[in-house]
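For reference, the structure is listed below as C-alpha cells.
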Amino acid sequence: MTAKKPVMTDLKGQTLLTLRSLNEENPASLETYIKLGGYAQLKRIVTEKVKATDIIVQIKTSNLRGRGGAGFPTGLKWSFMPRYYDGT
27 MTAKKPVMTD LKGQTLLTLR SLNEENPASL ETYIKLGGYA QLKRIVTEKV KATDIIVQIK
87 TSNLRGRGGA GFPTGLKWSF MPRYYDGT
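Here the working numbering is used: the first residue of the sequence shown is 27, the next is one more, and so on.
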C-alpha cells in the first residue's frame, strides 16, 4: 500500500483544529477520532469519577457558549440544573 498523499499541503506550519483529521487514512471514522484524542475527557470523567460540580466549574472557566443566537454561557446554564437525581 502506498503512503497517502496529504490533502492540504499548503498549510504546513499551521495547527489544524477543526480539520486535524483531514490527512488521516479515514478522517471521518470513530477510530481516527479516538486516535486524535476524541472522548479523552469523557474517559477521564468516568474513570476518575469527577464530580458534576467540578465539571461545571471547568465548563464555566472555559467560557464555552451555546450555539443559539444569544451565545448563553454553557457553564451557567448547567449550573441551573438540580444537583442530585434519585432515579425516579
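Each residue gets a CB set at the ideal place from its N, CA and C atoms; glycine is no exception.
All values reported here derive from a predicted model rather than from experimental measurement.
*Rounded to a whole number of angstroms, what is the C-alpha to C-alpha distance between G95 and G101?*
About 17 angstroms.
*Across which residues does DSSP place T91 in a beta bridge pair?*
The sequence as given places Arg at residue 91; Thr does not occur at that position. Residue pairing from DSSP places R91 in a beta bridge opposite P99.
*Just reading off the alpha helix (DSSP H) that Y59 is part of, what are its end residues?*
Counting along the chain, the alpha helix (DSSP H) containing Y59 begins and ends at 56-61.
_Since L42 and L48 should fall inside the 8 angstroms C-beta cutoff, what is the C-beta to C-beta distance between them, to a whole number of angstroms?_
Yes, L42 and L48 are in contact; Cβ-Cβ is about 7 angstroms, under 8 angstroms.
*With respect to 7 angstroms, is the separation between the Cβ of R70 and the closest non-hydrogen atom of the ligand NAD below this value?*
By its list of ligands, the structure shown contains no ligand whatsoever, and the ligand NAD lies outside what it can speak to.
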